[in-house]
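Protein chains in written order, with the UniProt record's numbering: chain A, 1 to 518; chain B, 1 to 518. The beta-carbon is built from N, C-alpha and C at its ideal position, and this holds for glycine as well.
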């Protein structure tokens, strides 16, 4: 459907498009990406065992706080030791529960062509989620997010084939009242994109509203909706060692209706977690597994993802730092643990920088390569994040998509094919020592698809680039951002479904939306 | 000696220094870096065998042009088939010659504390080499390089502990006449730095002059100079399938006096090499091995490094592109071949960008991580390169050094230690679910060295960063660059040696320097 929409669109505005045949620029095609690299594994077997044993000791001897009465009752039912809000659980039970979790599952959004598989070597990227503020090259100042900005960022999410799923709000639209914000943003998300959507676990009403809207958008009966995951929620624990009421509640609601959950402790080494990276990973694993074990008790076989967000603080300020060497190693170590437990992994594309500049890109590159090296299946915040996640930036979004696309192309096994045609001894013989390969038949037969084609990188020489204004990357990204949102057309949606969604939003608004005292 | 110089220096200008105790900023310490990651290996055994077989067929059936009479005579002597300038050689002989090459060796500059080991997992970084032009944030225009700029970039090379060796001229000083340029720049290099130096293979006189100056700078007898490598040369073949007169001549002069050589074909897939990456690597391997086999015939056991500079062109313009997915895979494939032949590997830090912006840093990150993933031992151009190597940029130099330092810190096994103290169950118990780790004894005992400390990255939040001017990375890098060169003090050199060097330069200038009709 997407391709059809692009083609239809191109007919009407051919004059505005360049020679690439109706698209604003040539992209990597939509489709699954398989991570074909062996993961980087800094831990030996004894290291994996040490973190596992540490995490199990935390769960057995220290316990995790669950500020959720239903969870406490469920843990009691399962035979765990519950004292007040503290829950301790034996490793045998935890491992028995983890054995129920699938190592891979699918997520099927309203456009079934956009189905993704989480696990089995998949490499899936999603947009920046949840920054409260926005910055772009026009404003050049940080300001609270708006619905318009949020929608623009969703247009980028939809536009780029390298974005496989829609994360949380790409910027928090604080111009919408919190009681109805989820209704408006989900309406926008479900009409602007046709990719896998997300629900915040911020109170029963919000979660149930989103579940219902995703069901409506898919044109699904309740039975069909429950049959296979259509969406997911992502929760953070409140490190150290605490799961809050709405987070657990939201997950329970999702898994009971057959949807997926990601549990991502935010374990800042030196602040809310031990200063040692192995200690921070141990704490993160204990916190994540305690929740995942609960979900497997409640809904055996439900789709659960181990999330990692372990990084270090800047010890001079106590503020989180991202894309650091310690972050990379923590991500890789957690990858080893995810494989040990047989769970899919989520990590992130992150940076500390306040502007879409060099620092932003080396930090983001470090984190995205760490995701690859760790065997991560879902990469959150892969496009658009600045200032440790406090700012959403559309130029950064466009720039990140170039890096993400390059990673996707990098995973194409064709690059390293070594058949006789690729070794090319005959072409080498034909050209000899006096010619060149530009005109060779071997080249002409392959050149159109032989190499990655960039869309925001400028590969011209200095003189050509200068003569054309000497435009730096962030400004080129800005121009592409504007063009993408101005020429954007929504993916097709059945008129009746769109009306049903709008009616649902209107009804729930009339009812007052969700309580805001969560 | 370096540390002593820093300490001495810090006494005199304490007022200009910050709280870091006399240094401009805290660096990673000087010292060897070991690559502890398993290499990324896109080729299976049969892929390695296919490239090997292809390269051997090129050498056996097609041959390589050697535009050097001495080399042709040597190949004849060795029993190779020489027809005109075309040399064909059997795989048995090639492999026999390669078996003579050491898999590791040391390079000992005038300051023996700066000795480096090439091979055995070493990860060594050097400055940008050979750009004809210069760009900085003050000028903001591209202009031919000068001796002053070249010296400033050498000061950066010396300043940064993460730079292990000095490459070629960090910018070509075209304000010095070519006949004496090598004399002036080598005098600058040998006095400004005490790290491993390099000689261009651009004619007999130049090479012999540099060999002699390095010997003098080390205070060495000819015998001591020859006893172990003190310096190196790097040559490029003229792809496809050609080695030029001065390059081979320079290498022969170096190995006969016990110095090291790097052979780096510049195989641009789609232009001067097959459009398929495996084909381009095959050509590169054939070109490099033909020269290395010759050198091992002449000087068995001489220090030879396999260089890779295989990348793809932009098929819309034919211009080289750097830091691409294809570049990364070619580098990794060549790493597999280097291990197959038992040779140390050289690759590069590269980018296509014309400015020190986001694109520059994602391209550079891609190439530096590819170097790590390939098991590269010497990383050329690791700091300061722009516009496909046509521009040297001091701000980029400073920015790249942050990335290089992070890679070095990343290789510290301490990050992933998993002893009981690092797993930290007792610290997790002590802090429980209600405290934090800032004040914990476990944290306080470790926080000063727990995490990487950046020097050009700004990790403050947006508000603090904005209040301080909202300075972007390239401008921060510019300020550091100026401060480093303004406060720079040369490493100690014996006065008599300095005079002997100056006299050598004066004498050779009086003799007219080197011919310029090479």
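Closer than 8 Å, Cβ to Cβ, to anything on chain B: give me those residues from the region 339-370 of chain A, in chain order.
Under the 8 Å Cβ criterion, the region 339-370 of chain A contributes 352, 353, 354, 355, 356, 357, 358, 359, 360, 361, 362, 363, 364, 365, 366, 369.
C-beta neighbour in chain B for residue 474 (chain A), strict 8 Å:
Position 474 of the first chain, counted from the start, is the residue given in the question as residue 474 (chain A). Yes, residue 474 (chain A) lies at the interface with chain B (some Cβ there is under 8 Å from its Cβ).
I'd like to know if the region 316-329 of chain B and the region 21-33 of chain B are in contact, where contact means that at least 3 CB-CB pairs between them fall below 8 Å.
no
Using 8 Å as the cut-off, can you tell me whether the region 424-438 of chain B makes contact with the region 454-462 of chain B, which would need three or more C-beta pairs spanning the two stretches below that distance?
no
Run through DSSP, which three-state label would residue 178 (chain A) get?
Here residue 178 (chain A) is taken as the residue at index 178 of the first chain, counted from 1. Reduced to three states, the DSSP call for residue 178 (chain A) is coil.
Using the rule of at least 16 other Cβ atoms within 10 Å of the residue's Cβ for burial, across every protein chain shown, is residue 52 (chain B) buried or exposed?
As a working note, residue 52 (chain B) is residue 52 in the second chain. So residue 52 (chain B) ends up on the buried side.
Check whether the Cβ of residue 29 (chain B) lies closer than 8 Å to any Cβ atom in chain A.
Along the second chain, one-based indexing puts residue 29 (chain B) at 29. False, the Cβ-Cβ gap to chain A never drops below 8 Å.
Just to make sure I have the definition right: I need the residues of chain A whose C-beta is within less than 8 Å of the C-beta of residue 438 (chain B). Which are they?
The count along the second chain starts at 1 and reaches residue 438 (chain B) at position 438. The contacting residues are 270, 271, 318.
Using beta-carbon positions only, say whether residue 351 (chain B) and residue 160 (chain B) come within less than 8 Å of one another.
Within the second chain, numbered from 1, the residue matching residue 351 (chain B) stands at position 351. Within the second chain, numbered from 1, the residue matching residue 160 (chain B) stands at position 160. Cβ distance not < 8 Å, so residue 351 (chain B) and residue 160 (chain B) don't count as in contact.
Under 8 Å, do residue 317 (chain A) and residue 459 (chain B) count as touching if we go by C-beta distance?
One-based indexing of the first chain puts residue 317 (chain A) at position 317. One-based indexing of the second chain puts residue 459 (chain B) at position 459. Closer than 8 Å, so yes.
Counting only the same chain and skipping the five closest in sequence on each side, list residues whose C-beta sits under 8 Å from that of residue 184 (chain A).
Counting from 1 along the first chain, the entry for residue 184 (chain A) is found at position 184. For residue 184 (chain A), where only same-chain residues beyond five positions count, the Cβ hits under 8 Å are 147, 173, 176, 505.
Is residue 462 (chain A) close to chain B? Criterion is C-beta to C-beta, closer than 8 Å.
Here the question's residue 462 (chain A) lines up with position 462 in the first chain. Answer yes: the Cβ-Cβ gap between residue 462 (chain A) and chain B drops below 8 Å somewhere.
Assuming residue 378 (chain A) is part of the beta strand (DSSP E), what are its boundary residues?
Position 378 of the first chain, counted from the first residue, corresponds to residue 378 (chain A). Run containing residue 378 (chain A): 378-383, per the beta strand (DSSP E) assignment.
One question on the structure: do residue 368 (chain B) and residue 58 (chain B) come within less than 8 Å of each other, judged by their Cβ atoms?
Here the question's residue 368 (chain B) lines up with position 368 in the second chain. Here the question's residue 58 (chain B) lines up with position 58 in the second chain. No.
Could you tell me how far apart the beta carbons of residue 294 (chain B) and residue 71 (chain B) are, in whole angstroms, since I believe they sit closer than 8 Å?
Looking up residue 294 (chain B) in the second chain gives position 294. Looking up residue 71 (chain B) in the second chain gives position 71. The pair is a contact, with the Cβ atoms about 6 Å apart (cut-off 8 Å).
Would you kindly work out how many angstroms separate the C-alpha atoms of residue 382 (chain A) and residue 126 (chain A), rounded to a whole number?
Locating residue 382 (chain A) in the first chain gives position 382, where the first residue counts as 1. Locating residue 126 (chain A) in the first chain gives position 126, where the first residue counts as 1. Looking at the two C-alpha atoms, the distance is approximately 6 Å.
Taking 8 Å as the threshold (C-beta atoms), are residue 90 (chain A) and residue 60 (chain A) in contact?
Position 60 of the first chain holds residue 60 (chain A). Position 90 of the first chain holds residue 90 (chain A). Closer than 8 Å, so yes.
Quick one: list the residues of chain B neighbouring residue 321 (chain A), beta-carbon separation under 9 Å, in chain order.
Translated into positions along the first chain, residue 321 (chain A) becomes position 321. Per Cβ cutoff of 9 Å: 451, 452, 454, 457, 459.
Just checking: is the beta-carbon of residue 24 (chain A) within a distance shorter than 8 Å of some beta-carbon in chain B?
Numbered from 1 along the first chain, position 24 holds the residue referred to as residue 24 (chain A). Cβ-Cβ to chain B under 8 Å: no for residue 24 (chain A).
What's the C-alpha gap between residue 335 (chain B) and residue 64 (chain B)?
Start at 1 with the first residue of the second chain, and residue 335 (chain B) comes out as number 335. Start at 1 with the first residue of the second chain, and residue 64 (chain B) comes out as number 64. If I take the Cα positions, the gap works out to 22 Å.
Can you pull the DSSP bridge partners for residue 124 (chain A)?
Counting from one through the first chain, the residue named residue 124 (chain A) turns up at place 124. A:378, per the DSSP bridge assignment.
Note down, in chain order, every chain B residue with its Cβ under 7 Å from the Cβ of residue 233 (chain A).
In the first chain, residue 233 (chain A) corresponds to position 233, counting from 1. For residue 233 (chain A), no chain B residue has a C-beta closer than 7 Å to its own C-beta; the minimum C-beta separation is roughly 23 Å.
Roughly how many whole angstroms lie between the Cα atoms of residue 202 (chain B) and residue 328 (chain B)?
Residue mapping note: residue 202 (chain B) aligns to position 202 of the second chain, counting from 1. Residue mapping note: residue 328 (chain B) aligns to position 328 of the second chain, counting from 1. Using only the alpha carbons, I get a separation of about 30 Å.
Measure from the alpha carbon of residue 482 (chain B) to the alpha carbon of each residue in B:101, B:155, B:346, then state which is nearest.
Within the second chain, residue 482 (chain B) is the residue found at index 482, counting from 1. Answer by Cα proximity: B:155.
According to DSSP, is residue 168 (chain B) part of a helix, a strand, or is it coil?
In the second chain, the residue the question calls residue 168 (chain B) occupies position 168. Reduced to three states, the DSSP call for residue 168 (chain B) is coil.
Contact list for residue 410 (chain B) against chain A, beta-carbon separation under 8 Å
The residue labelled residue 410 (chain B) in the question sits at position 410 within the second chain. One finds 325, 328, 329 in chain A with Cβ atoms closer than 8 Å to the Cβ of residue 410 (chain B), taken in chain order.
Output yes or no for whether 8 Å exceeds the beta carbon distance between residue 291 (chain A) and residue 254 (chain A).
Within the first chain, residue 291 (chain A) is the residue found at index 291, counting from 1. Within the first chain, residue 254 (chain A) is the residue found at index 254, counting from 1. For residue 291 (chain A) and residue 254 (chain A), no; Cβs fall outside 8 Å.
Any idea what DSSP makes of residue 105 (chain B), helix, strand or coil?
Locating residue 105 (chain B) in the second chain gives position 105, where the first residue counts as 1. Correct three-state label for residue 105 (chain B): strand.
Compare the C-beta of residue 508 (chain B) with all C-beta atoms of chain A and state if any pair is closer than 8 Å.
To locate residue 508 (chain B), count along the second chain from 1; it is residue 508. By this cut-off, residue 508 (chain B) is not an interface position.
Going by DSSP, which residues form a beta bridge with residue 198 (chain A)?
Stepping through the first chain from its first residue, residue 198 (chain A) is reached at position 198. Looking at the DSSP assignment, residue 198 (chain A) forms a beta bridge with A:232.
Check whether the region 443-450 of chain B touches the region 68-88 of chain A, counting contact only when three or more Cβ pairs, one atom from each stretch, lie closer than 8 Å.
no
Going by the beta-carbon positions, is the gap between residue 519 (chain A) and residue 196 (chain A) smaller than 8 Å?
Residue numbering for chain A in the displayed model covers 1 to 518; residue 519 (chain A) lies beyond these limits and cannot be assessed.
Taking 8 Å as the cut-off, decide whether the C-beta atoms of residue 346 (chain A) and residue 372 (chain A) are in contact.
In the first chain, residue 346 (chain A) corresponds to position 346, counting from 1. In the first chain, residue 372 (chain A) corresponds to position 372, counting from 1. No; because the gap between Cβ atoms is not below 8 Å, this pair is not in contact.
Backbone secondary structure at residue 410 (chain A) - three-state DSSP:
Reading the first chain from its first residue, position 410 is the one you call residue 410 (chain A). DSSP places residue 410 (chain A) in helix when its eight states are reduced to three.
If you run the structure through DSSP and keep just helix, strand and coil, what is residue 598 (chain A)?
Examination of residue 598 (chain A) is not possible in this model, given that chain A is present from 1 through 518 alone.
So for residue 204 (chain A), helix, strand or coil by DSSP?
To locate residue 204 (chain A), count along the first chain from 1; it is residue 204. Secondary structure at residue 204 (chain A): helix, using DSSP grouped into helix, strand and coil.
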